[in-house]
Amino acid sequence: MVHVHDPRARWGVPASQVLRIIPAAEWQAGPAVDLLAPMGPVPSGGAHARRVMIVHGAGDRETALLATGTINIDDVDSTNVLPLPDTIAATAPEVSAIVVAHDASLSLLLKPSAVISPDDSRAS
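FYI, the numbering for the sequence shown is 5 to 128, going by the working numbering.
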């Protein structure tokens with residue numbers, strides 16, 4: 005799994021869904037999706053790396069996700085992937101599970117094919 009340690013919350017996607025990761029300044033194909041935007045802006049202070057993670061999105065199109073913070077790749081045992089509470093699952097289809105890391109911290113496991121990019125919303 006590719007983990008992003010965003011200062012707002014840790015999240016990740018299956019590594020098999022990641023096509024590439026580039027500096028945000030190099031991404032020119034439109035706005036990247038900030039999955040944590042509902043939580044507010046990235047806190048000021050500190051130098052947070054900003055990259056774009058391009059993943060297999062809906063309809064097998066490329067979807068660009070804003071990745072703010074450090075990124076690492078870890079193996080995750082399936083016993084450490086927990087189902088979402090029903091209320092979260094119903095309101096956040098892009099979140100597929102909660103992952104318990106080796107240090108007992110939690111992260112959101114995202115389902116890239118459920119992420120709505122700005123390009124998807126214009127096509128509707």
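Think of the CB as a built atom: it goes at the ideal place given N, C-alpha and C, for glycine as much as any other residue.
Since this is a predicted model, take the numbers as computed values, not measurements.
Can you check whether the CB of residue j is closer than 8 Å to the CB of residue i?
i, j, result
"V80", "P116", "no"
"A68", "A36", "yes"
"G16", "S111", "yes"
"A19", "V6", "yes"
"V56", "A28", "yes"
"L135", "L39", "Since the displayed the chain opens at 5 and closes at 128, residue 135 lies outside it and no answer follows."
"P74", "A41", "The identity of residue 74 in the sequence shown is Thr, whereas the question assumes Pro. No, Cβ-Cβ distance for T74 and A41 is not below 8 Å."
With distances taken Cα to Cα, identify the nearest neighbour of residue i among the options.
i, options, result
"T91", "P27, S100, D78", "S100"
"Q2", "I77, V46, E30", "Because the chain spans 5 through 128 in this model, residue 2 falls outside it and cannot be assessed."
"R24", "D107, G61, V46, P47", "G61"
"L106", "T95, P47, S82", "In the sequence as presented, Leu is not what sits at residue 106; that position holds His. For the residues T95, P47, S82, the minimum Cα distance to H106 belongs to S82."
Looking only at its chain, what residues have a beta carbon closer than 7 Å to the beta carbon of residue i, apart from the 5 residues adjacent to it on each side?
i, result
"P97", "A118"
"G63", "none"
"N84", "V103, V104"
"W31", "V56, A68"
"P47", "P11"
Count the other CB atoms, across all protein chains shown, that sit within 10 Å of the CB of residue i; report buried if there are 16 or more and exposed otherwise.
i, result
"D10", "buried"
"G185", "The requested residue 185 does not occur in the structure, where the chain is confined to residues 5 to 128."
"T72", "buried"
"L86", "exposed"
"L70", "buried"
Residues in its own chain within less than 6 Å of residue i by CB, not counting five upstream and five downstream?
i, result
"E66", "I58"
"I26", "V56"
With hydrogens ignored, establish whether the beta-carbon of residue i is closer than 7 Å to any heavy atom of the ligand GTP.
i, result
"V99", "Within the structure as shown, the ligand GTP is missing, as the structure has no ligands at all."
Could you pull out every unbroken beta strand (DSSP E) segment of at least 3 residues lying fully inside the region 13 to 90, listed in chain order? Within the region 13 to 90, the complete beta strand (DSSP E) runs of at least 3 residues are 14 to 17, 22 to 27, 54 to 60, 66 to 72, 74 to 77.
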